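Each residue of the sequence shown is one higher than the one before, counting from 8 in the working numbering. First comes the structure, then the notes that go with it.
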Amino acid sequence: MASITGKRLSLHKYVEEQKQENDALKYQLAQIQHLANTGTISFMIAHEINNLLTPLRNYAAVALENPDDKSFVEKALQKTVRNCERASNIMESMLALANGQTQEKKNARLLALVEEIFTCLCRDFAKDGITVEIRIPEELTVWCVSVQIQQVIMNLILNARDAMMPRGGILCIKASENNDTIKIEVSDTGEGIEPADLKNIFDSFFTTKTNKNTPSGYSGAGLGLAFCKKIIAEHEGLISVESKSANGTKFKITLPKLQ
Ligand SMILES: Nc1ncnc2c1ncn2[C@@H]1O[C@H](COP(=O)(O)OP(=O)(O)O)[C@@H](O)[C@H]1O
Ligand SMILES: [Mg+2]
């Protein structure tokens, strides 16, 4: 009898010890996940800032090359200043995202946000044989953290451009709304995505651009779409993709309207 009670007690102790060990491991895992997230976010910040530095450098170079054209220099410098402001806003917004802070959302006019992206990119798409079609209703507004939604669309535009180089093609940005959602589509007529890659493209560090000299001078970090997914999730929306290799790609974003 005594021995059964003894066995029970030691079993009980064993279960208790295992439970404590399990809790300690869970805690360690949470710490490691937090570190991994912080690492990924740091990479994402570097990636987004890099996207902004290229046009900044181009605007500054344009100003230096044309010192006698005062109004031209002034315009280039104004754009440089504007891009610097944007870069610092993005940095602030991404750091808040990394710290899990909720950021203030506002109603922003989508067309204006998209037009500003093209100004920031400082890139003549026509020179690369890319026709840009923007079909966004004038007054359509999105409930969002503006700089974040701009970064999402900017990432999609840069990917679309990479996929269409060097042949060129059509980049189309469309938006529409119904009673409770806003739908944004970014499509291209580029090389498309291999069916086997489709399930991986939103994963951090997944890229097919490692050996490819991308025209944007931005080597594949595989973070753009992971970032897009994170931002869209923060906005309680969804992002999905449709693509057939050699047949172009379409990214669809659905965002809830402010109720
Ligand atoms: N519009 C597109 N057309 C073709 N492939 C795309 C497109 N957008 C994304 N991809 C694929 O998804 C991968 C991941 O994209 P992303 O996360 O932006 O990283 P990166 O652009 O640094 O490779 C790309 O390497 C590419 O294979
Ligand atoms: Mg990308």
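Note that beta-carbon positions come from the ideal geometry of N, C-alpha and C, so glycine has one too. From a predicted model like this one, the values you see are computed outputs, not experimental measurements.
Along the alpha helix (DSSP H) that carries residue i, what are the first and last residues, could you check?
i    : result
S153 : 153-171
E122 : 117-128
K134 : Unbroken run through K134: none, as it is neither H nor E.
A240 : 231-241
L205 : 202-205
Considering residue i, what are the terminal residues of the beta strand (DSSP E) in which it resides?
i    : result
D195 : 188-195
A182 : 176-184
L147 : Unbroken run through L147: none, as it is neither H nor E.
E249 : 245-250
Apart from the five residues just before and just after residue i, which ones in its own chain have a Cβ nearer than 8 Å to its Cβ?
i    : result
T126 : K86, R89
E192 : C179, I180, K181, A182, K257, F258, K259, I260
From the options, pick the residue whose C-alpha is nearest to that of residue i; which is it?
i    : options                : result
E55  : L163, I180, A182, I260 : L163
L205 : E241, L178, L245, S250 : S250
R142 : K134, S183, L245, D30  : S183
T148 : A167, K190, M172, G136 : K190
L71  : L59, L60, T61, L84     : L84
L239 : I156, F213, G175       : Here residue 239 turns out to be Ile, not Leu, going by the sequence shown. The residue with the shortest Cα to Cα distance from I239 is I156.
N166 : P144, P202, G136, I208 : I208
F213 : P202, E201, G227       : G227
K134 : R168, M161, Q158       : R168
L128 : E146, K113, P144, A94  : A94
Q108 : S252, H242, A253       : H242
Cutting at 7 Å between CB atoms, please list the residues of its own chain near residue i, excluding the five before and the five after it.
i    : result
Q110 : S100, A103, V152
T188 : T261, L262, P263, K264
Leaving out five residues on either side along the sequence, give the residues of the same chain with a beta carbon under 6 Å from the beta carbon of residue i.
i    : result
L265 : W150
E198 : A170
G136 : G175
Requested in this report: Report yes or no: do the segment 51-69 and the segment 109-120 share at least 3 C-beta pairs separated by less than 8 Å?
Outcome: no
**Report entry** the segment 71-79 in contact with the segment 228-246 per 3-pair CB rule at 8 Å
**Finding:** no
Report task. Pick out the complete beta strand (DSSP E) segments inside the segment 57-112, 3 residues or longer, and give them in chain order. Result -> none
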